[in-house]
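K.L.:
In the UniProt record's numbering, the protein residues as written are 1 to 594.
(1) With distances taken from CA atoms, which of 513, 120, 211, 370 is nearest residue 535?
(2) Could you tell me whether the stretch 250-259 touches the stretch 306-313, using the rule of 3 or more Cβ pairs below 8 Å?
(3) How about the stretch 427-444 and the stretch 456-466: do they share at least three Cβ pairs that are nearer than 8 Å?
(4) Rounded to the nearest angstrom, what separates residue 476 and residue 424 at their Cα positions?
(5) Can you tell me the Cα-Cα spacing of residue 247 and residue 302, whole angstroms?
(6) Is it true that the CB of residue 569 sits closer than 8 Å to the CB of residue 420?
(7) In the stretch 360-445, which residue ranges form an unbroken beta strand (DSSP E) of at least 3 residues, counting only runs that do not cross its ends?
(8) For the beta strand (DSSP E) holding residue 164, just list the boundary residues, first then last.
(9) Express the C-alpha separation of residue 492 and residue 511 in angstroms, rounding to a whole number.
(10) What did DSSP end up calling residue 156 once you bin it into helix, strand or coil?
(11) Mind reading off the beta-carbon distance from residue 102 to residue 398? Whole number of angstroms is fine, and I expect it under 8 Å.
(12) For residue 211, report the span of its alpha helix (DSSP H) as first-last.
(13) Can you list, in chain order, the residues of its chain with a C-beta nearer than 6 Å to that of residue 140? Leave out the 5 residues immediately preceding and following it.
(14) Put residue 558 into one of helix, strand or coil per three-state DSSP.
(15) Helix, strand or coil, according to DSSP, for residue 215 in the structure here?
(16) Could you tell me whether the stretch 555-566 touches the stretch 365-378, where touching means 3 or more Cβ pairs closer than 8 Å?
(17) How many whole angstroms separate the CB atoms of residue 136 and residue 243, which I take to be in contact at a CB cut-off of 8 Å?
(18) Rank 544, 454, 474 by C-alpha distance to the C-alpha of residue 432 and give the top, closest one.
(19) Since residue 502 and residue 450 should fall inside the 8 Å C-beta cutoff, what is the C-beta to C-beta distance between them, to a whole number of angstroms?
(20) Looking at residue 342: is its Cβ nearer than 8 Å to the Cβ of residue 380?
(21) Can you say whether residue 595 is buried or exposed, counting buried as having 16 or more other CB atoms within 10 angstroms of its CB?
(22) With DSSP run on the structure shown, which of helix, strand or coil describes residue 482?
(23) Taking residue 544 as part of the alpha helix (DSSP H), name the residues at either end of that continuous run.
(24) Name the DSSP beta bridge partners of residue 531, please?
(25) Is residue 105 buried or exposed, if buried means 16 or more other CB atoms sit within 10 Å of its CB?
(26) Leaving out five residues on either side along the sequence, give the residues of the same chain with a beta carbon under 8 Å from the beta carbon of residue 575.
(27) DSSP state of residue 503, grouped into three classes?
(28) Just the C-alpha distance for residue 285 and residue 254, rounded to the nearest angstrom, thanks.
(29) Would you call the stretch 195-215 and the stretch 144-151 touching, i.e. three or more CB-CB distances under 8 Å?
(30) Are residue 551 and residue 531 closer than 8 Å when you measure CB to CB?
(31) Decide yes or no for the touch test of the stretch 222-233 against the stretch 262-271: beta carbon pairs closer than 8 Å, at least 3 of them.
(32) Would you kindly check if the distance between the Cβ of residue 396 and the Cβ of residue 527 is under 8 Å?
This is the structure we're talking about:
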């Protein structure tokens with residue numbers, strides 16, 4: 001026991017000696033080792049600026065390598081360059097690996113052919129004008145039936161049933177008695193004949209009755225028209241009253257094709273259009289019809305209007321309640337946009353329509369959220385009324401994946417949007433704002449040419465355009481904002497008219513331009529595209545903006561002296577909203593010119 005205790009003491013002494021030796025060795029280590037340590041620390045400091053990200057989740061940005069906290073994949077070095085997406089929360093950047101994993105595909109926005117086809121569904125219905133009800137013309141008992149089942153084909157004038165009518169027997173007796181004294185009492189005779197006429201006996205039947213001198217106790221019920229019996233309401237022995245419906249008959253030689261057209265389809269459908277349709281129960285055969293009626297009221301439940309076409313059905317193949325698939329050839333109307341996108345490119349959220357536009361010339365794939373205005377649907381395509389231009393590249397597959405990734409990374413998305421600066425105003429008011437801008441451009445162009453007199457004379461048109469603005473449909477915030485802008489515009493025009501030289505005119509033109517730009521962003525213009533330009537050297541390098549109708553920089557603050565000085569800051573597209581913190585979704589990429 002004592003030996004074990006001695007061994008433990010010896011072991012403890014050895015461990016203490018080794019520890020002290022290590023500490024002393026570190027304190028007296030050579031200077032070269034010290035330099036190596038400093039170099040290693042310096043390298044670590046350089047590496048500390050490196051950002052590590054996940055190829056599948058680029059929103060992950062860590063200062064050291066490791067695993068992605070979302071999917072567990074190894075992190076990769078992120079580019080140290082400033083990305084395009086960092087400039088705007090409307091843009092979302094993805095790695096090529098994430099794009100491939102999300103199966104993202106893009107295509108160019110192009111025009112569509114003026115002619116296309118709408119694909120609609122509907123049913124075959126009986127032509128309501130060919131429906132007829134056979135009713136009892138006089139009261140009586142059904143003694144015989146010649147039509148015993150529904151679906152039986154009958155011809156006009158064919159016997160359907162016979163009726164025994166005590167009232168009709170009495171009326172016949174009255175006629176025969178009146179006929180014997182008609183020379184003495186002609187009024188009674190005519191009254192007796194009229195009574196039989198009211199029970200729908202024709203003149204021949206009445207003459208035959210009078211000529212025979214015998215009372216007829218049974219009368220035939222005849223078919224008023226040819227067709228198919230769709231309803232039999234009587235049986236032998238039934239007693240019927242005058243006006244009772246005995247049979248329903250329909251002629252199916254012509255039928256109605258009732259098609260459901262949604263609100264977006266209606267602009268392409270008009271009376272007289274030809275419809276080609278197929279029926280599920282008649283494979284391999286295509287029928288033709290012509291549109292004769294469009295319901296003026298939208299069904300509140302289905303949000304569709306009934307479109308009626310008429311088709312020939314002489315062989316009886318088309319049966320009421322058959323389902324049909326119809327194709328209607330369509331033509332774009334004058335003024336309608338010819339730009340179109342596939343339905344897979346579109347995201348909807350309430351009244352908002354969103355697409356993702358691929359941003360060109362970026363290091364990594366970058367996609368920009370863009371609100372657009374869509375028009376009617378043509379087959380698998382949606383017409384675009386505003387917000388896109390021909391040649392832009394949009395995402396057509398993988399849109400949801402991009403939107404979800406943008407939301408996870410804190411960018412704007414379909415469900416999380418920035419505040420909109422552009423207000424909802426009537427189109428008539430936007431047209432009046434466009435008239436003001438159209439009067440502003442000649443003033444701007446006169447300053448570009450250094451023409452003092454032409455610029456001043458152009459202000460008259462600006463005043464006229466301001467005077468013609470009607471605000472009766474503006475309400476609330478839009479009304480108040482326009483009243484303030486109108487005053488600013490009027491003050492700027494007045495000061496420009498009082499300017500004595502070109503330099504003073506340009507000073508006040510800057511105020512006019514600021515107001516015009518505010519009008520453009522707050523209410524929008526009915527112009528396809530306008531530009532917000534900026535000259536950083538105007539007014540002793542304080543800088544000044546102006547609105548331009550062309551992309552080319554033509555500087556109104558320097559004119560010929562520095563004509564091309566400036567840059568396009570933003571591009572405004574017709575129908576595209578401007579956001580409070582991001583400008584319009586389409587940012588300019590051009591550099592500054594001198």
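Note that CB positions come from ideal geometry on N, CA and C, so glycine has one too.
P.N.:
The short version:
(1) 513
(2) yes
(3) Segments in contact, yes.
(4) 11 Å
(5) 34 Å
(6) Not a contact, by the Cβ cut-off of 8 Å.
(7) 366-378, 381-386, 393-397
(8) Here the beta strand (DSSP E) through residue 164 covers 159-164.
(9) Distance between the alpha carbons of residue 511 and residue 492 is about 6 Å.
(10) coil
(11) 4 Å
(12) Taken as a continuous stretch (DSSP letters only), the alpha helix (DSSP H) holding residue 211 covers 203-212.
(13) 163, 164, 165
(14) coil
(15) Looking at residue 215 - three-state DSSP - the assignment turns out to be coil, as it is neither helix nor strand.
(16) no
(17) 7 Å
(18) 474
(19) With a Cβ gap of about 6 Å, residue 502 and residue 450 count as contacting.
(20) yes
(21) Nothing can be reported for residue 595: it is not among the residues displayed for the chain, which extend from 1 to 594.
(22) helix
(23) Where residue 544 is concerned, there is no enclosing alpha helix (DSSP H), although the beta strand (DSSP E) it sits in stretches over 544-548.
(24) 548, 571
(25) exposed
(26) For residue 575, where only same-chain residues beyond five positions count, the Cβ hits under 8 Å are 372, 373, 385, 386, 387, 524.
(27) helix
(28) Looking at the two C-alpha atoms, the distance is approximately 17 Å.
(29) no
(30) yes
(31) No, the stretch 222-233 is not in contact with the stretch 262-271.
(32) no
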